[in-house]
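Working notes for the structure below.
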Amino acid sequence: MTLNKVVDSAADAVSDIPSGASLAVGGFGLAGIPWFLIEALLEQGADDLTIVSNNCGVDGAGLGLLLEARRISRVIASYVGENKEFARQYLAGELTVELTPQGTLAERMRAGGSGIGAFFTPTGVGTLVADGGLPWRYDTDGSVALASPPKEVRTFNGRQMLLEESIVTDYALIRAAVADRAGNCVFHAAARNFNPPAAMAGRITVVEAEQVTEVGELHPDAVHLPGVFVQRVVALTPQQAARKSIEKRTTRSKESAR
Numbered sequence: 207m208t209l210n211k212v213v214d215s216a217a218d219a220v221s222d223i224p225s226g227a228s229l230a231v232g233g234f235g236l237a238g239i240p241w242f243l244i245e246a247l248l249e250q251g252a253d254d255l256t257i258v259s260n261n262c263g264v265d266g267a268g269l270g271l272l273l274e275a276r277r278i279s280r281v282i283a284s285y286v287g288e289n290k291e292f293a294r295q296y297l298a299g300e301l302t303v304e305l306t307p308q309g310t311l312a313e314r315m316r317a318g319g320s321g322i323g324a325f326f327t328p329t330g331v332g333t334l335v336a337d338g339g340l341p342w343r344y345d346t347d348g349s350v351a352l353a354s355p356p357k358e359v360r361t362f363n364g365r366q367m368l369l370e371e372s373i374v375t376d377y378a379l380i381r382a383a384v385a386d387r388a389g390n391c392v393f394h395a396a397a398r399n400f401n402p403p404a405a406m407a408g409r410i411t412v413v414e415a416e417q418v419t420e421v422g423e424l425h426p427d428a429v430h431l432p433g434v435f436v437q438r439v440v441a442l443t444p445q446q447a448a449r450k451s452i453e454k455r456t457t458r459s460k461e462s463a464r
């Protein structure tokens, strides 16, 4: 029997996500983010969410919408980016933020999806990442209310490495260029960033796909994410699939380019 993981809408796909859930979310800046799943979750109303993502969107878009609505209580990310509300909530003591080296974050999600409990990496040795003391949450007076703990450091082949725990989340929200009905996914260009490891980290992974094909139409060598990691597929309309905003457009005049 052929698997069919396609659901009717983004709203149906996120309808069972409860308050207090943890979610891995794909994308980098605004490239490859699951626009419509995020907006459906905003409408759904779940709050007290833990978000694991490279960043937390921008003001007025992506995960920034959930931040502005005070739906997120904790973020595990690589950087704050250009989201002023993200920075404001963090510095005001309204949000717990666990900043993690970018490659380490990707590997923590991939390892979680692979059944690996933890791994050793040289990234962060000799810094607060290893020694502890990174501000995870500030108090209202600007003092540190919660700081990162120290991590185990061991030596392998003469090189010091620290122990990083893997990440497994309740749900994952990702976006793909193409997915078949069994959930096998193909990502386009820069959208193949945090989407595959985020998908692997989720116990229930939902993908919004710009195009949905029948099982067997994707060549096996073209698949970037096997369908075993995906539980639900949302087919976007052509109009929805065309929505691909960017964070900042930089141009110069023809005269200055000469």
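For the sequence shown, my numbering gives the first residue as 207, with consecutive numbering after it.
Where a beta carbon is used, it is the ideal one built from N, C-alpha and C, also for glycine.
As the structure is a computational prediction, the values presented were derived from the model and not from experiment.
Check, Outcome
"Please list, in chain order, all residues of the same chain as A317 whose beta carbon is under 6 Å from its beta carbon, the five residues on each side excluded.", "F325, S372"
"Return helix, strand or coil for Q437, following the three-state DSSP convention.", "coil"
"Tell me the DSSP secondary structure of D218 in three-state form.", "helix"
"With a threshold of 7 Å on Cβ separation, who are the neighbours of D345 within its own chain once the five nearest residues in sequence on each side are excluded?", "G299, A351"
"What does a CB cutoff of less than 7 Å around S221 pick up in its chain, not counting 5 residues either side in sequence?", "Q250"
"Does the distance from the C-beta atom of G338 to that of L368 stay below 8 Å?", "no"
"Can you check whether the CB of V258 is closer than 8 Å to the CB of S225?", "no"
"Count the other CB atoms, across all protein chains shown, that sit within 10 Å of the CB of D452; report buried if there are 16 or more and exposed otherwise.", "Going by the sequence as given, residue 452 is Ile instead of Asp. Exposed, by the Cβ-count rule."
"Excluding the five sequence neighbours on either side, which residues of its own chain have a C-beta within less than 6 Å of the C-beta of G235, listed in chain order?", "E453"
"Hey, would you say R387 sits closer than 8 Å to L209, going by beta carbons?", "yes"
"Are the stretch 433 to 443 and the stretch 270 to 281 in contact at 8 Å, needing three or more beta carbon pairs?", "no"
"Between the beta-carbon of P240 and the beta-carbon of L379, is there less than 8 Å?", "yes"
"Quick check: what's the CA-CA separation for M207 versus G433?", "Here the model assigns M207 a pLDDT of 43, short of 50, so the residue's position is not dependable and the matter cannot be decided."
"Could you tell me if A353 is buried or exposed, where buried requires 16 or more neighbouring beta carbons within 10 angstroms of its beta carbon?", "exposed"
"In chain order, what are the residue ranges of uninterrupted beta strand (DSSP E) at least 3 long that sit wholly in the stretch 321 to 346?", "324 to 327, 341 to 344"
"Can you list, in chain order, the residues of its chain with a C-beta nearer than 6 Å to that of Q366? Leave out the 5 residues immediately preceding and following it.", "V331, V359"
"In the DSSP output, what is L431 paired with across the bridge?", "C391"
"In three-state DSSP terms, what is R381?", "strand"
"What separation, rounded to the nearest whole angstrom, lies between the Cα atoms of V335 and E304?", "10 Å"
"Buried or exposed: K460, going by 16 or more other Cβ atoms within 10 Å of its Cβ?", "exposed"
"Please specify which runs of the beta strand (DSSP E), each continuous and at least 3 residues long, are wholly inside the stretch 238 to 308, giving them in chain order.", "255 to 258, 278 to 283, 302 to 305"
"Applying the criterion that 16 or more other CB atoms from any shown protein chain within 10 Å of the CB defines a buried residue, is Q445 buried or exposed?", "exposed"
"Where does T443 sit, in a helix, a strand or coil, going by DSSP?", "coil"
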